[in-house]
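Below is one structure; the comments refer to it alone.
In the numbering used here, the protein residues as written are 424 to 615.
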């Protein structure tokens, strides 16, 4: 079995996240892709996130009807700073013998040696590098990390751009999907 792990704040989840997961599923032959919302990123300790409840609601709405995509709440349940190694160890224990892949943005490749317990992490997963239009050269990491760059559907879209559009009262319906856009409006997210 091949399992993809996709961590992030998903604040909000948007079409770029879904396209990346679909590309990983198709290009690597993943059987399942787990979206794992972080409680708090170690690289963005001062970032104030929308509530766990709302981020989970948006993820479930975005993934509805896509049986090969699932939401895993473990990092939210654990609370505190979300370290990838803790989550990956859990998957290695729950799915012995499965091949694990972890999706990351190209901007994180150079940071991999700084991730908590990086050497063990490098042994447990292959990193699938998400292309972004603004990224230049090949996004290969140094040993001991194994990486594979996705061809994907690169689009220049970020959650911060969506938050800015909402704050400016611009439409995000096509960027996040109507159900997620409705949840953003109903919960009055990103207005300040």
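C-beta: ideal position from N, C-alpha, C; glycine also.
Could you tell me whether the segment 474–481 touches the segment 441–456, where touching means 3 or more Cβ pairs closer than 8 Å?
no
Please report the straight-line C-alpha distance between residue 516 and residue 582, rounded to a whole angstrom.
32 Å
Look at the alpha carbon of residue 548 and the alpha carbon of residue 604, and state the distance between them as a whole number of angstroms.
33 Å
Taking residue 545 and residue 567 to be in contact with their CB atoms under 8 Å, please state how far apart those CB atoms are, rounded to whole angstroms.
Indeed, because the Cβ distance is near 4 Å, the residues count as touching under 8 Å.
Thinking just about the alpha-carbon of each residue, which of 498, 453, 579 is nearest to the one in residue 509?
In this structure, 498 is the residue among 498, 453, 579 with its C-alpha nearest to the C-alpha of residue 509.
Between residue 504 and the rest of its own chain, which residues show a CB-CB distance below 8 Å, the 5 nearest in sequence each way excluded?
462, 463, 464, 465, 468
What does DSSP give as the partner residue(s) for residue 439 in the beta ladder?
Paired residue(s): none; residue 439 is not in a bridge.
Is residue 435 buried or exposed, if buried means 16 or more other CB atoms sit within 10 Å of its CB?
buried
For residue 456 and residue 492, the rounded distance between their alpha carbons:
Annotation: residue 492 to residue 456 spans about 5 Å, alpha carbon to alpha carbon.
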